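Peer 1: Here the sequence shown is numbered in our numbering, starting from 54 and rising by one per residue.
Quick one: structure below, then a few questions.
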Amino acid sequence: MDIEIIAPSHGVLWRSHIPEIVEQYKKWSANETEDIAVIVYDTMWNSTEKIAYAVQSAFEAKGIATKIRNLKTNHISDIMTDVVTAKYICVGSPTLNNNMLPTVAAFLTYLKGLAPKNRKGLAFGSYGWGGQSVGQVEDVLKNCGFDLFEQIKIEYIPDDSVLSDITNKLKGEITT
Ligand SMILES: Cc1cc2nc3c(=O)[nH]c(=O)nc-3n(C[C@H](O)[C@H](O)[C@H](O)COP(=O)(O)O)c2cc1C
């Protein structure tokens, strides 16, 4: 077909770049993934952020490119453009009042709606006592149909030895 305009019911119309857009849609709808890990997190006091960087080190040590995204400084729509093609989706949240952080819940709601296929997920986070957030994040990733790495749940602040244990253990779980 000689397409002049792409007009999806929910948004922006494309009057140019038609071949490129059709190519992108083909790729997205086929659920083709690339060897990329997206690491998405939010944090109150930076412990979950430390875990996020330890997770990043594990993927990089295995030669897998990473994109690390703090939900305070990245919009979920932008993160989703990384997620659509990433094979590994890692999501971190500390526990706040028996729950994951609202920003992480918003991201996961969006992710669940898009339901990308053929992914491997990882839930991680720091906690103080009950520590419910990591299990809650993991439940959503499981409901998305993702295969899962073993969850990473750390009490309060991870020190250097805990962080290097996280990296080494995860490295052993990543098979390329
Ligand atoms: C307002 C507030 C509420 C919290 N509620 C819980 C909770 O319900 N259960 C829990 O295990 N930890 C709770 N914590 C402890 C944090 O999860 C803990 O300090 C964690 O290390 C924070 O991780 P972060 O540095 O990534 O923010 C709470 C902390 C704050 C500040």
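Just so it is clear, CB atoms sit at the ideal spot from N, CA and C, and this is done for glycine as well.
The structure presented is a predicted model; accordingly, all values stated were derived computationally and were not measured.
1. Residues bridged to A176 by DSSP?
2. Let me know if I142 comes out buried or exposed under the rule of 16 or more other beta-carbons within 10 Å of its beta-carbon.
3. For V75 versus V157, is the C-beta distance shorter than 9 Å?
4. Rounded to whole angstroms, what's the CA-CA distance from N221 to K79? Just pull it up for me.
5. Which value, in whole angstroms, describes the spacing of the CA atoms of R122 and T148?
6. Pick out every residue whose C-beta is nearer than 7 Å to a heavy atom of ligand 1: which are they, in chain order?
7. Taking buried to mean at least 16 other C-beta atoms within 10 Å of its own C-beta, is I56 buried or exposed?
8. Any idea if S217 is buried or exposed, counting beta-carbon neighbours within 10 angstroms, 16 or more meaning buried?
9. Nearest-angstrom Cα distance between G18 and I207?
10. Give the secondary structure of I205 by DSSP, where H, G and I count as helix, E and B as strand, and everything else as coil.
11. Taking buried to mean at least 16 other C-beta atoms within 10 Å of its own C-beta, is N167 buried or exposed?
12. Checking the sheet assignment: what are the DSSP bridge partners for R122?
Peer 2: Here's the rundown:
1. Indexing the sequence shown from 1 puts residue 176 at position 123. Note: A176 sits in a beta bridge opposite V144.
2. Mapped onto the sequence shown, residue 142 falls at position 89. So I142 ends up on the buried side.
3. In the sequence shown, counting from the first residue as 1, residue 75 sits at position 22. In the sequence shown, counting from the first residue as 1, residue 157 sits at position 104. In this structure, V157 does not lie closer than 9 Å to V75 by Cβ.
4. Within the sequence shown, the letter at position 168 stands for residue 221. Within the sequence shown, the letter at position 26 stands for residue 79. Near 37 Å, if we compare the C-alpha coordinates of K79 and N221.
5. Here the question's residue 122 lines up with position 69 in the sequence shown. Here the question's residue 148 lines up with position 95 in the sequence shown. Approximately 19 Å between the Cα atoms of the pair.
6. Having a Cβ closer than 7 Å to some heavy atom of ligand 1 are T96, M97, W98, N99, S100, T101, E102, P147, T148, L149, N150, N151, G178, S179, Y180, G181, W182, G183, G184, Q185, Y209, I210.
7. The sequence position of residue 56 within the sequence shown is 3, counting from 1. Per the 10 Å Cβ criterion, exposed.
8. Along the sequence shown, one-based indexing puts residue 217 at 164. S217 is exposed by the Cβ-count criterion.
9. The structure shown does not extend to residue 18, since the chain spans only 54 to 229, so no value can be given for it.
10. Residue mapping note: residue 205 aligns to position 152 of the sequence shown, counting from 1. If DSSP states are grouped into helix, strand and coil, I205 belongs with the strands.
11. Here the question's residue 167 lines up with position 114 in the sequence shown. Here residue 167 is Leu; the residue named in the question, Asn, does not match the sequence. Answer is exposed; the Cβ neighbour count stays below 16.
12. For the purposes of this step, residue 122 is taken as the residue at position 69 of the sequence shown. Note: R122 sits in a beta bridge opposite V93.
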